[in-house]
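Below is one structure, written out as structure tokens, with a few remarks after it.
In our numbering, the protein residues as written are 24 to 78.
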């Protein structure tokens, strides 16, 4: 069954990264302000700025 057989969690993480925005800043672990729209998401850290989905 390929990467859906339950053994390859890296494939799950790649798919989840496309649709689920980060909730905490990777640099300082602060909680970020997240906005999700039908087209994309944005996440903003008060210290490190904003990141957005690739679309």
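Here a beta-carbon is modelled for each residue, glycine too, at the ideal position from N, C-alpha and C.
With residue i as the anchor, note down where its alpha helix (DSSP H) starts and where it stops.
| i | result |
| --- | --- |
| residue 34 | 32 to 42 |
Buried or exposed for residue i, going by 16 or more other Cβ atoms inside 10 Å?
| i | result |
| --- | --- |
| residue 68 | buried |
| residue 36 | exposed |
| residue 66 | buried |
Identify the continuous beta strand (DSSP E) that holds residue i and give its terminal residues.
| i | result |
| --- | --- |
| residue 65 | 64 to 68 |
| residue 75 | 72 to 75 |
Are residue i and residue j close, meaning C-beta to C-beta below 8 Å?
| i | j | result |
| --- | --- | --- |
| residue 71 | residue 50 | yes |
Could you please give me the residues that DSSP links to residue i through a beta bridge?
| i | result |
| --- | --- |
| residue 54 | 47 |
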